[in-house]
Structures are given as C-alpha cells and as structure tokens.
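>
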Amino acid sequence: MKKKICIIGANSYIARNMVYVLNNRYAGYDILLYDYQDSFADGASGYKKINVLCTESIQEIDLDVDLVFVFTGKTGTAVGFDEYESFIDLNEKALLNILSEYHRQKSKAKIIYPSTRLVYKGLAGQLKEDSEKEFKTIYAVNKYASEQYLKIYSSAYGVRYCIFRACVPYGSFIHGASSYGTAEFMLGRAQKGEEIVLFGDGSARRTLTYIEDLCESMILGALSTSCENDVFNIGGEDYSLNEMASLIADKYGVPVKYEDWPEMALKVESGDTVFDSGKLDGIIKYNRNMTFKDWLRISPKL
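For the sequence shown, our numbering assigns the number 235 to the initial residue and increments by one for each residue that follows.
#1: On a CA-only basis, which of Glu462, Val502, Ile430 is nearest Ser477? Give me that one, please.
#2: Measuring straight from C-alpha to C-alpha, what distance separates Glu290 and Ala379?
#3: Could you compute how far the alpha carbon of Tyr260 sits from the alpha carbon of Glu428?
#4: Does any C-beta atom of chain C lie closer than 8 Å to the C-beta of Tyr391?
#5: Where do the N-terminal and C-terminal ends of the alpha helix (DSSP H) with Ile482 fall, by residue?
#6: Could you pull the start and end residues of the beta strand (DSSP E) that Glu351 belongs to?
#7: Under the assumption that Arg440 contacts Val402 (Cβ atoms under 8 Å), give the Cβ distance between them as a whole number of angstroms.
#8: Would you call the region 325–336 and the region 516–527 touching, i.e. three or more CB-CB distances under 8 Å?
#9: Do you know whose CA, among Leu352, Ser458, Ser511, His409, lies nearest Gly505's CA?
#10: Spell out the partners DSSP gives Gln360 in its beta bridges.
#11: Tell me the DSSP bridge mates of Asp264?
#12: At the level of alpha carbons, what is the spacing between Leu536 and Lys426?
#13: How far does the beta strand (DSSP E) with Glu446 in it reach, from first residue to last?
#14: Classify Met252: buried if its beta carbon has 16 or more other beta carbons within 10 angstroms, exposed otherwise.
#15: What number of angstroms, rounded off, separates the C-alpha of Glu493 from the C-alpha of Ser279?
#16: For Asp255, report the span of its beta strand (DSSP E) as first-last.
#17: Around the Cβ of Ile242, are there at least 16 other Cβ atoms within 10 angstroms (buried) or fewer (exposed)?
#18: With DSSP collapsed to three states, give me the class of Glu497.
#19: Give the single residue among Thr306, Lys355, Ala400, Glu319 whose Cα lies nearest to the Cα of Asn331.
#20: Please identify the residue among Gly277, Tyr395, Gly436 whose C-alpha is closest to the C-alpha of Leu475.
#21: Within this structure, are the beta carbons of Ile468 and Leu514 separated by less than 8 Å?
#22: If you count every other CB in all the chains shown that lies within 10 Å of the CB of Ala546, and 16 or more means buried, which is it?
#23: Please say whether Leu361 and Asp510 have beta carbons closer to each other than 8 Å?
#24: Pairs of beta-carbons, one from the region 310–322 and one from the region 280–300, closer than 8 Å: are there three or more?
#25: Return the residue from the list Asp272, Cys396, Asp269, Lys237 that minimises the CA-CA distance to Gly262.
#26: Keeping to the same chain, check which residues put their C-beta closer than 8 Å to that of Gly415; ignore five residues upstream and five downstream.
#27: Following the continuous beta strand (DSSP E) through Ile430, name the residue where it begins and the one where it ends.
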C-alpha cells in the first residue's frame, strides 16, 4: 500500500519545491495538496481548494496519511504590527484548526512544521535549539506559539510532530517560486543592474540553506523515527550579509551601498543567527549538495 503525504499550503515557496523533490526523488507516495487558491501553481493532480480558517472546509482535508506538512502562514517583520489579525489568523488559528481536525479524524500522521530563526535571541557564535529566545515581531511570536501548540496537543492528544527551524533559505527548482528572502532580494537587484543596499555595516551573520538541502533535510527528518516530538535546526553555511552582498555584486558588477538603519528596521533586527544543526545532522546523515558560491556561479546573468 502506498504511503500518503498531505501538504497544506501547497502553493507556498517551500511547499512547491517540496512537491518537486518528492515527485522526483521519492517514489511510492501519494501526495495530497491543499491551499486556498483555485488550483495548484505547478499543475499537479491531487489538489483540493480549502480554507484553513473555516472548520467546515478543513474537514475536507484527508488526514488519514503518514505525514502532514503544514506550510500555511504569513511572513513579515514590521508589517505584522499593522496586520496582526491576519498574522494571528494564518499563523496560529490555522494551525489550531488543523490540530483540532487531526484530533477529530483520529489521525496518526506525523505533522511537520517549519519554524524560523526569528524565535532566537541573536548572538555571536552558533545557536542550538535550546538557545535563548527573543521575540521582536508578531511573526516570531506566532511561530513560537505554534511550536508550543504542537507540544501541548501532543501531550493532550498524542499528536506526533516534528519542528524544523530554518534560517535563510535560497534558490528554487521552480521558476517563479522564490523565497523573496535576503539572497533573492540581493540577486534580483544585481540582475537588474541596481546597487545592493545594506543597513549598517552588513556584519550580521546568517545560516544560508539551499532549497534542495532544506527540503531533503525536512523529508529525511520526517521519515526518521528519531525525529519526533522535538525541534531541529536545519544547517547550511555561515555568511555575513556583507559577504553575501559582495559576492553577488562582484558577479554582476554592481556596487554595495551602506545606509543607516531605519528606526523600525533596527528595532526588529535580530542580530547574528547562525545555526548549530548537529542534532539533526547526527540523525539524518545528509550531505548538503549546494554551496552559496556554486549557486551564484550557475545563476544567469540577465
């Protein structure tokens, strides 16, 4: 009997790439896709339109599956202060609706939930999963709250889950499916011949993870019995924003411009967030396939 995987929020950046990796690397799975749009962006079968904020609509999700990937949500930093209702709805209420339906259906699936670097208090050195937390945005609070919802539903109802914290994903298998994150923002400007703008001196450091490595790490963790009811950092390469910008600028022949921090941007800036991923790496034994420099090398010059 084929195993089944449910992906909720299938039209999101990571989800579309996840579907690509599953279809091309992992045979023997039926993949059920759900999102609020009329159709799946990449034309796969098995798609159903649902509304995660409507309990009647969520009942149409088949949770009699092996794995449930939850990619619903809304990202952003300062914008969350103005749009807090939708951030709470799409990042917290949606997950609670899914968990309630999971319990109603008596599902035994493992829920896979992506979280963020923004739950950590930035500091020099590497962050482990139990490192100090700090919340400077509505989004960061949403994500950490959702991590706790999974934990308490596990305790109350036996929900099985695995949380993966990602830092800065980049790249895509699919044209038009972009993270709109730091790397793509810099690359997009450079490809148009525009200067790359950094606030401050660009010294803040991040863990960069190529989308293939992100998806593979999540899949292998999801399939492992050792990754359950726990939180894991996904690893990658350690780069400063200045190092990233300089590499991109050199390739495209554009300048890097440094500006003073806007007041609000500085208030929500996290500082260094570099991940220690030894906990997950020791379980899945995965060798990452892409470096940031190699990705730049194959990125087209427009």
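For every residue, glycine included, the Cβ atom is placed at its ideal position computed from N, Cα and C.
Reading it off the structure:
#1: Per the sequence shown, residue 477 should be read as Glu rather than Ser. Check the Cα spacing between Glu477 and each of Glu462, Val502, Ile430: the tightest is with Ile430.
#2: So the alpha carbons of these two residues sit roughly 24 Å apart.
#3: Cα-Cα distance, rounded: 40 Å.
#4: Absent from the structure is chain C; it holds one protein chain and no more.
#5: Segment 475–486, the alpha helix (DSSP H) holding Ile482.
#6: Contrary to the premise, residue 351 reads as Arg rather than Glu in this sequence. Looking at the DSSP string, Arg351 is not in any beta strand (DSSP E), and its letter there is neither H nor E.
#7: About 5 Å separates the two Cβ atoms, so the contact holds.
#8: Taking a cut-off of 8 Å for Cβ pairs, the region 325–336 and the region 516–527 do not touch, as fewer than three such pairs fall below it.
#9: Taking only the C-alpha atoms, the option nearest Gly505 is Leu352.
#10: Its beta-bridge partners are Val508.
#11: BP columns for Asp264 point to Lys238.
#12: Unreliable placement is indicated for Leu536, whose pLDDT of 48 sits below 50; no coordinate value is reported for it.
#13: First-last for Glu446: 445–457, but that is the alpha helix (DSSP H), not the beta strand (DSSP E).
#14: By the neighbour-count rule (16 or more Cβ atoms within 10 Å), Met252 is buried.
#15: Answer to the nearest angstrom: the Cα atoms are 47 Å apart.
#16: The amino acid at residue 255 is misidentified as Asp; the sequence shows Val. Here Val255 belongs to no beta strand (DSSP E); instead the alpha helix (DSSP H) covers 247–259.
#17: Ile242 is buried by the Cβ-count criterion.
#18: Three-state result, Glu497: helix.
#19: In terms of CA proximity to Asn331, Thr306 leads the group Thr306, Lys355, Ala400, Glu319.
#20: Selection Gly277, Tyr395, Gly436 evaluated against Leu475 yields Gly436 as nearest (Cα-Cα).
#21: Yes, these two residues count as a Cβ contact at 8 Å.
#22: Residue 546 lies beyond the range of the chain shown here (235 to 536); nothing can be said about it.
#23: Closer than 8 Å, so yes.
#24: At 8 Å Cβ cutoff, the stretches do not touch.
#25: Considering only alpha carbons, the answer is Lys237.
#26: Residues Val402, Pro403, Tyr404 of the same chain have their beta carbon placed closer than 8 Å to that of Gly415, with the five preceding and five following residues left out of the count.
#27: 430–433 is the extent of the beta strand (DSSP E) around Ile430.
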